[in-house]
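Novice: What follows is a structure written as structure tokens; I'll ask about it next.
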Amino acid sequence: MDERADPLTPRPDPFATAQSPQFFIVATAPLQERRPRTQKHGDTFSMFDPNGDAIAGPGSPEGVYHRDTRHLSRLYLTIGGQRPLLLSSMARDDNALLTFDLTNPDLYENGVLTLPHDLIHIRRTRFLWEASCCERISLRNFDEQPRRVRLALSFAADFSDLFEVRGARRPRRGAMREPQVTADSVTLAYGGLDGVLRRTTLRFDPQPASLTGAEATFDIALAPGETRQIFLEISFGQGQEQPAAPKRAFFTRLRDARRAMRALTAQTAAVITSNDVFNEALRRAVADLYMLVTVTGEGPYPYAGIPWFSTVFGRDALITALQTLWLDPAIARGVLRYLAANQATEEIPEADAEPGKILHEVRHGEMAELGEVPFRRYYGSVDATPLFVMLAGAYYRRTADLETLRRLWPHVEAALAWIDRYGDRDGDGFVEYGRRADDGLVNQGWKDSFDAVFHEDGRLARGPVALCEVQAYVYGAWLAAAQVARDMGLRHRALELERKARELRARFDAAFFDPALGSYVLALDGEKRPCRVRASNAGHALFTGLALPERAPRVVASLMDRAAFSGWGVRTVATTEARYNPMSYHNGSVWPHDNALIAAGFVRYGFRAEAARIFEGLFMASTYTDMRRLPELFCGFPRQRSRGPTFYPVACSPQAWAAVTPLFLLQSCLGMGFDPEAGELAFREPMLPEFLNEVILRGVRLPQGRLDVHLRRVDSQVMLQVLDRSGDVRVTTTA
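Residue numbers for the sequence shown follow the numbering used here, so the first one is 321 and each next one is one higher.
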């Protein structure tokens, strides 16, 4: 996806020198084992353990982060000096609140039991809003006699850069400032080497019995049945924050957060099915999508994932927007406008920037500001630029919003010019990548681990590298731009782009299809030698239609045989290949978003049953995950009866393009498409996987109105009924 080399592959520390090319995540403890509770709003995200605590340490990413810096590294609650017992913890269905239910353990004084367990209920309710974390701690006495307890909250802020949390070792850091303590507040601060003073301010209501720079204590008397509350507001920023009453802030900010979420999702379609478990997965998918969305000046933009990638990524947002285009086109518009506003306009080798190239990643932390990592504004992805053009065309096909496309057209043309001038580095008609600075990414496709592109004998490919799926995206980009150009009256430009696409299709087939492999090769290396590896990348040639129709049956068969299909999904690399490792990041694992694109490709070529198998595998995988949340990836071990998938230890969850995978798989299996000018919602040869008998789509919008549609399986057919409509809209279906 980005700067992630495979976290589990032993090798020298990639941060040992400033010139090191790889940036990986240290894996000393699996995130799944921690069962973290996560939230995000804007440029702030949090990760707490099931008790609601953050306990930073080696291998622990827990804490609250703001703009790529950990502003809170410890938050630890005790009652009577002991950690409370966990009852349960959960996120609300819409992710608006985290709730942690706890109770007291047995408490002793001088060996005498003074408070038996389970008499004091503690509920911690928490949310993020506008660079702050708001918490309410409620204590209720369920005993028949009065009780007096001491509650303590210890806290700390290490102000670690996110890359430090991931494993970077820095020779120098800035200076911690002395805590500033008042009767009811503490400010922790750090002066960075970049000249920025970063602050974390904690405010308490009521005033603690005692407060230091590291702990607040409360002596609480509770009558039988009585409830008492403590409010905590933690704010993050670089300047001095204005004081606010934590109790009042909790309720006003919670109200504002809910209103903002309702406004953000007001135009979103809804899905209800006959499978209650799948409904839970869909609700979580939609909630995670909008939690990851940050509202920018250009519109909504989905950040990539928590904890490692909660920032702008070009490729991830483009694919996420493609997957959710039927649900909410506003996300695609926001992504397109943001990336257009940040499109490269000059050559900057240290950032891999070239005119017309689309942004890969933005970071705001101290290490990025100082150039210790190259990702402050980084353009080192080969596929974001053609994906940008593809999304622009797909957005137009979904909405007929020609006004937006006219504004975007100069940026589309700049991206197309980049493909021709900079993307095709050697003039052979294929788009290749090769980093322009020593500390840039070695591999710049979505599989960007250092060892993700290799030959059949396991040798790593030397660049410039032409990836299979990148040529597919270029093909899709040219056809998408041609359609827009034609509707804008640019007929000759449209014909030129269609010609380029036709020529690429023939050229690609000749260079990439390997009859002995039964599929397309992974890539061509710098000497144009094919990397004869069976990989999931070939499925992306089906996704955009680059594959010749006569090749499709063999490619599908190759991707769905036992070596490639684990039962949960298609592996990134088949078990027959030299570097196959089911526990690797990109060489044998299963990525939900990858499978969603492959399944869409299967449907394009008429292989609906195979698409349904992928859908079923990923749905069943979600039934074994915490909160039905599909993670960024999981291991590629074969599926076994009565056992769930094997989790990857440091996978992000939620991850935007994984979270929305069920939504895109549903669209693919229903054959759902749009004719916005005719006001038509079309279902082409719809089918339902075995775990679904009925699907109801509510509030599907077209420019002329909205529709509610009911699809129901009858024997081997899917019957369709319009439940409600407003405006001049209609539904069509083909069997």
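C-beta atoms are modelled at their ideal positions from N, C-alpha and C, and glycine is treated no differently. The structure presented is a predicted model; accordingly, all values stated were derived computationally and were not measured.
Can you tell me where the alpha helix (DSSP H) with P566 in it begins and where it stops?
Specialist: As a first step, residue 566 is located in the sequence shown; it is residue number 246 there, counting from the start. Residues 566–584.
Novice: Beta carbon of P982, beta carbon of F954: below 9 Å?
Specialist: Counting from 1 along the sequence shown, the entry for residue 982 is found at position 662. Counting from 1 along the sequence shown, the entry for residue 954 is found at position 634. Taking 9 Å as the Cβ cut-off, P982 and F954 do not qualify as a contacting pair.
Novice: Thinking C-alpha only, which one of A919, P965, F475 is nearest M903?
Specialist: Taking the sequence shown and counting its residues from 1, one reaches residue 903 at position 583. Among A919, P965, F475, the Cα nearest to that of M903 belongs to P965.
Novice: CB C453 to CB V384, shorter than 9 Å?
Specialist: Looking up residue 453 in the sequence shown gives position 133. Looking up residue 384 in the sequence shown gives position 64. Cβ distance < 9 Å, so C453 and V384 count as in contact.
Novice: Which residues in the same chain have their Cβ closer than 6 Å to the Cβ of R573, if we skip the five residues on either side of it in sequence?
Specialist: As a first step, residue 573 is located in the sequence shown; it is residue number 253 there, counting from the start. The residues are W449, C454.
Novice: Counting only runs that start and end within the region 365–429, where is the alpha helix (DSSP H) found for 4 or more residues in a row?
Specialist: none
Novice: Nearest by alpha-carbon distance to Y428: which of E1014, G401, D946 is it?
Specialist: Counting from one through the sequence shown, the residue named residue 428 turns up at place 108. Out of E1014, G401, D946, G401 has the C-alpha closest to the C-alpha of Y428.
Novice: Considering only C-alpha positions, which residue in the set D771, D596, L761, R854 is nearest to E670?
Specialist: Taking the first residue of the sequence shown as 1, we reach residue 670 at position 350. Minimum Cα distance to E670 is reached at L761.
Novice: Please report how far the alpha carbon of A704 lies from the alpha carbon of N415, in whole angstroms.
Specialist: Indexing the sequence shown from 1 puts residue 704 at position 384. Indexing the sequence shown from 1 puts residue 415 at position 95. If I take the Cα positions, the gap works out to 29 Å.
Novice: I need the straight-line Cα distance from G691 to Q1024, nearest angstrom please.
Specialist: Within the sequence shown, residue 691 is the residue found at index 371, counting from 1. Within the sequence shown, residue 1024 is the residue found at index 704, counting from 1. Going by the C-alpha atoms only, they are around 50 Å apart.
Novice: Nearest to M410 by alpha carbon, out of D363, H441, Q359, P425?
Specialist: The sequence position of residue 410 within the sequence shown is 90, counting from 1. Considering only alpha carbons, the answer is Q359.
Novice: Quick one: using the 10 Å Cβ neighbour count with 16 as the cut-off for buried, is D539 buried or exposed?
Specialist: Locating residue 539 in the sequence shown gives position 219, counting from the first residue. So D539 ends up on the exposed side.
Novice: Look at T585 and V606 and say whether their C-beta atoms are less than 9 Å apart.
Specialist: The residue you call residue 585 lines up with position 265 of the sequence shown. The residue you call residue 606 lines up with position 286 of the sequence shown. The answer is yes: Cβ separation under 9 Å.
Novice: By a C-beta neighbour count over all protein chains shown, 10 Å radius and 16 as the cutoff for buried, is A543 buried or exposed?
Specialist: Numbered from 1 along the sequence shown, position 223 holds the residue referred to as residue 543. Its Cβ having fewer than 16 others within 10 Å, A543 is exposed.
Novice: My output table needs one value for N844: the three-state DSSP class, helix, strand or coil.
Specialist: Indexing the sequence shown from 1 puts residue 844 at position 524. Per the sequence shown, residue 844 should be read as Leu rather than Asn. Assigned with DSSP and collapsed to three states, L844 falls in strand.
Novice: Distance check for L1022 and A792, CA to CA, integer angstroms please.
Specialist: In the sequence shown, residue 792 corresponds to position 472, counting from 1. In the sequence shown, residue 1022 corresponds to position 702, counting from 1. Take the alpha-carbon of A792 and the one of L1022: they are about 29 Å apart.
Novice: So, under 8 Å CB-CB, A589 and G1019 are touching, yes? Tell me the CB distance rounded to an integer number of Å.
Specialist: As a working mapping, residue 589 is identified with position 269 in the sequence shown. As a working mapping, residue 1019 is identified with position 699 in the sequence shown. A Cβ-Cβ distance of about 5 Å is found for the pair A589 and G1019, placing them in contact under the 8 Å criterion.
Novice: Find out if the Cβ-Cβ distance for the pair I626, L392 is shorter than 9 Å.
Specialist: One-based indexing of the sequence shown puts residue 626 at position 306. One-based indexing of the sequence shown puts residue 392 at position 72. Result no, Cβ atoms of I626 and L392 do not sit closer than 9 Å.
Novice: Assign L866 to one of three DSSP states: helix, strand, or coil.
Specialist: Within the sequence shown, numbered from 1, the residue matching residue 866 stands at position 546. Three-state DSSP puts L866 in coil, outside helix and strand.
Novice: Indicate whether A264 and A714 have their beta-carbon atoms separated by less than 9 Å.
Specialist: Nothing in the structure corresponds to residue 264, since the chain is present only between 321 and 1055.
Novice: Just the C-alpha distance for E1005 and L422, rounded to the nearest angstrom, thanks.
Specialist: In the sequence shown, residue 1005 corresponds to position 685, counting from 1. In the sequence shown, residue 422 corresponds to position 102, counting from 1. A straight-line Cα-Cα distance of about 51 Å links E1005 and L422.
Novice: Mind the definition here: the region 436–443 touches the region 509–526 only if three or more C-beta pairs lie below 8 Å; say whether that holds.
Specialist: At 8 Å Cβ cutoff, the stretches do not touch.
Novice: Among L435, A451, I457, N430, which has the Cα closest to the Cα of L418?
Specialist: Within the sequence shown, numbered from 1, the residue matching residue 418 stands at position 98. Looking at the Cα atoms, I457 is the closest of the given residues.
Novice: Less than 9 Å between the beta carbons of L728 and R657, yes or no?
Specialist: The sequence position of residue 728 within the sequence shown is 408, counting from 1. The sequence position of residue 657 within the sequence shown is 337, counting from 1. Result yes, Cβ atoms of L728 and R657 sit closer than 9 Å.
Novice: Answer yes or no: do F828 and F750 have a C-beta to C-beta separation smaller than 9 Å?
Specialist: Taking the sequence shown and counting its residues from 1, one reaches residue 828 at position 508. Taking the sequence shown and counting its residues from 1, one reaches residue 750 at position 430. It is a contact, given that the beta carbons lie within the stated cut-off.
Novice: Straight-line CA distance for S973 to E952?
Specialist: For the purposes of this step, residue 973 is taken as residue 653 along the sequence shown, with counting starting at 1. For the purposes of this step, residue 952 is taken as residue 632 along the sequence shown, with counting starting at 1. Going by the C-alpha atoms only, they are around 6 Å apart.
Novice: Could you spell out the range, first to last residue, of the beta strand (DSSP E) harbouring T1054?
Specialist: The count along the sequence shown starts at 1 and reaches residue 1054 at position 734. Residues 1050–1054.
Novice: For the alpha helix (DSSP H) containing P873, name the first residue and the last one.
Specialist: Your numbering for residue 873 matches position 553 in the sequence shown. Where P873 is concerned, the enclosing alpha helix (DSSP H) stretches over 872–880.
Novice: Under three-state DSSP, which class holds N1059?
Specialist: What the structure shows of the chain is the stretch from 321 to 1055, and residue 1059 is not part of that stretch, so it cannot be assessed.
Novice: Assuming I651 and V613 form a contact by the criterion Cβ under 8 Å, report the distance between their Cβ atoms to the nearest whole angstrom.
Specialist: On the sequence shown, position 331 is the one that residue 651 refers to. On the sequence shown, position 293 is the one that residue 613 refers to. Rounded, the Cβ-Cβ distance is 7 Å, consistent with contact.
Novice: Flag this pair as yes or no: are the beta carbons of L985 and L1008 separated by less than 9 Å?
Specialist: Taking the first residue of the sequence shown as 1, we reach residue 985 at position 665. Taking the first residue of the sequence shown as 1, we reach residue 1008 at position 688. Taking 9 Å as the Cβ cut-off, L985 and L1008 do not qualify as a contacting pair.
Novice: Between the Cα of H386 and those of T398, F365, G889, P706, spot the shortest distance and give me the residue it belongs to.
Specialist: Translated into positions along the sequence shown, residue 386 becomes position 66. It is F365.
Novice: Please work out which residues of its chain come closer than 6 Å, Cβ to Cβ, to K767, disregarding the five sequence neighbours upstream and downstream, and give them in chain order.
Specialist: Within the sequence shown, numbered from 1, the residue matching residue 767 stands at position 447. The answer, listed in chain order, is H906.
Novice: May I ask you to report which of helix, strand or coil DSSP gives T705?
Specialist: As a first step, residue 705 must be located in the sequence shown, where it is residue number 385. In the three-state scheme derived from DSSP, where H, G and I count as helix and E and B as strand, T705 is classed as helix.
Novice: Alpha carbon to alpha carbon, what distance is there between A836 and A916?
Specialist: Translated into positions along the sequence shown, residue 916 becomes position 596. Translated into positions along the sequence shown, residue 836 becomes position 516. Rounded to the nearest angstrom, the two C-alpha atoms are 26 Å apart.
Novice: Looking only at C-alpha atoms, which of A503, I739, A565, R467 sits nearest to E546?
Specialist: Here residue 546 is taken as the residue at index 226 of the sequence shown, counted from 1. Taking only the C-alpha atoms, the option nearest E546 is R467.
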